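Notes to accompany the following structure.
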Amino acid sequence: QATLRGSPSSSSRLLRRGFSSESTPDRKVAVLGAAGGIGQPLALLMKLNPFVSKLALYDIAGTPGVAADVSHINTRSEVAGYMGEEQLGKALEGSDVVIIPAGVPRKPGMTRDDLFNINAGIVKSLCTAIAKYCPNALVNMISNPVNSTVPIAAEIFKKAGTYDEKKLFGVTTLDVVRAKTFYAGKANVPVMEVNVPVVGGHAGITILPLFSQASPKANNLSDEDIKALTKRTQDGGTEVVEAKAGKGSATLSMAYAGAIFADACLKGLNGVPDVVECSFVQSSITELPFFASKVRLGKNGVEEVLGLGPLSDFEKQGLESLKPELKSSIEKGIMFANQS
Ligand code: NAD
Ligand code: LMR
6 QATLRGSPSS
16 SSRLLRRGFS
26 SESTPDRKVA
36 VLGAAGGIGQ
46 PLALLMKLNP
56 FVSKLALYDI
66 AGTPGVAADV
76 SHINTRSEVA
86 GYMGEEQLGK
96 ALEGSDVVII
106 PAGVPRKPGM
116 TRDDLFNINA
126 GIVKSLCTAI
136 AKYCPNALVN
146 MISNPVNSTV
156 PIAAEIFKKA
166 GTYDEKKLFG
176 VTTLDVVRAK
186 TFYAGKANVP
196 VMEVNVPVVG
206 GHAGITILPL
216 FSQASPKANN
226 LSDEDIKALT
236 KRTQDGGTEV
246 VEAKAGKGSA
256 TLSMAYAGAI
266 FADACLKGLN
276 GVPDVVECSF
286 VQSSITELPF
296 FASKVRLGKN
306 GVEEVLGLGP
316 LSDFEKQGLE
326 SLKPELKSSI
336 EKGIMFANQS
């Protein structure tokens, strides 16, 4: 049960419920790309997280303002802003979790792969610094195309001799968040009770929600409904890109999803049992070297990559259809890291 010092206000009581500051280890979280559309609300949400004792906000510009702003919030963590490459090392040193939402977002008409040329280089340089300054940190990769940026990170860490497959995660939580929301709306069940695994990768048809495993079970959904829910989940990012009409992609829902995933990583590190989230990780559950599925998180990062479970015929087809695209995105990332 919570052990609270003094007489905290109701808001801090709310934030700290179920957490004892005396027994919660110090944890440093760094956000790279912290002044961006995702970075700013993610910095806010990580400032609200009681597991975080130090929050490092890094970007190429704009972080002093974001850090000063967020630092006034009366929660546990100390906040520091770091700007420009010469401060990247300080931002990273001692980090337990590094979250990377650095890079350009899509505009209407673009695929995530169209971001490769710019974002691959950004991810490469940030991961080179991670290998140098905090080689043991858990890395939460948000920058797109995730299907390629995670393999790039793995190759950079391998070259540096620091790769630990248990510590590298592609963040696919937004796909899960969307699948839950869309399913709850269609099945008319309470959204906060919904669970839906989403497997595969994070782009178009590589995003495969497993509605046959959704809970609570819904008897009112036809095959056509499931097809439509699957397509909406796969196109969720594009829905937002089009609605924003040139002003970027999902930022607020992504910050929420990124905060959920980072929180799960911190819980795992702190020894909380049975922490399971979907993530794009090194995997042997299919023939592909990286694959998103449910993952049990623990003190060293990935404790167990869980299998896919029983699939419907529609999901089996979806799985086979996604493999060629996911394979080529993974290979593109590996080739980039080894060529440049
Ligand atoms: P944004 O342009 O608003 O912010 C990106 C930030 O990255 C900017 O502040 C920029 O200065 C910073 N940046 C650029 N180069 C950098 C470097 N070398 N080091 C540190 N910071 C750097 O974009 P956004 O909307 O926040 O999106 C960021 C990325 O996240 C995009 O690639 C987008 O496609 C991706 N994204 C992924 C998911 C997902 O589910 N994984 C969801 C939404 C967006
Ligand atoms: C998303 O799923 O919202 C992100 O990957 C951003 C995008 O480009 O769609």
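First residue of the sequence shown? That's 6 in the UniProt record's numbering, and the numbers climb one at a time after it. Glycine is no exception: its CB is placed at the ideal position from the N, C-alpha and C atoms. In this text, all values refer to a predicted model and were calculated from it rather than measured experimentally.
Quiz item: Residue ranges of each beta strand (DSSP E) run of no fewer than 3 residues wholly in the UniProt domain "Lactate/malate dehydrogenase N-terminal" (33–175), ordered along the chain?
Solution: 33–37, 59–64, 83–88, 102–105, 143–146, 173–175
Exercise. To the nearest angstrom, report how far apart S15 and D228 are at their CA atoms.
Key: Locating residue 15 in the sequence shown gives position 10, counting from the first residue. Locating residue 228 in the sequence shown gives position 223, counting from the first residue. Because the pLDDT of S15 is 38, which lies under 50, any placement of that residue in the model is unreliable, and the number read from its coordinates should be weighed accordingly. Going from the Cα of S15 to the Cα of D228 covers about 47 Å.
Exercise. Would you mind working out which of A264, P329, D318 sits nearest V36, comparing C-alpha positions?
Key: Mapped onto the sequence shown, residue 36 falls at position 31. The residue with the shortest Cα to Cα distance from V36 is A264.
Exercise. Enumerate, from N- to C-terminal direction, the unbroken alpha helix (DSSP H) stretches of 4 or more residues contained entirely within the segment 178–220.
Key: 178–192
Quiz item: Just checking my contact of P113 with A250 at CB under 8 Å: how many whole Å lie between their CB atoms?
Solution: The residue you call residue 113 lines up with position 108 of the sequence shown. The residue you call residue 250 lines up with position 245 of the sequence shown. Confirmed, Cβ separation roughly 7 Å.
Self-check item: Sufficient close CB pairs (3 or more, under 8 Å) joining the segment 219–228 to the segment 57–74
Solution: no
Practice problem: Mark V128 as exposed unless 16 or more other C-beta atoms lie within 10 angstroms of its C-beta, in which case mark it buried. | Solution: Here the question's residue 128 lines up with position 123 in the sequence shown. With 16 or more other Cβ atoms within 10 Å, it is buried.
Quiz item: Cβ of D119 within 8 Å of any heavy atom in the ligand NAD?
Solution: Within the sequence shown, numbered from 1, the residue matching residue 119 stands at position 114. No.
Quiz item: Under the three-state reduction of DSSP, which class applies to V277: helix, strand or coil?
Solution: For this step, residue 277 is matched to residue 272 along the sequence shown. The answer is coil: DSSP assigns V277 none of H, G, I, E or B.
Quiz item: Should L327 go down as buried or exposed, given a rule of 16 or more other Cβ atoms within 10 Å for buried?
Solution: Mapped onto the sequence shown, residue 327 falls at position 322. Looking at its Cβ environment, which holds 16 or more other Cβ atoms inside 10 Å, L327 is buried.
Practice problem: Give me whichever residues DSSP pairs with E309 in a beta bridge. | Solution: Your numbering for residue 309 matches position 304 in the sequence shown. DSSP output for E309 lists R301 as bridge partner(s).
Quiz item: Which residues in the same chain have their Cβ closer than 6 Å to the Cβ of A219, if we skip the five residues on either side of it in sequence?
Solution: In the sequence shown, the residue the question calls residue 219 occupies position 214. Excluding positions up to five away in sequence, the list reads Y188, V201.
Quiz prompt | According to DSSP, residues forming a beta bridge with residue 2 | solution = The chain is shown from 6 up to 345; residue 2 falls before or after that span and cannot be answered.
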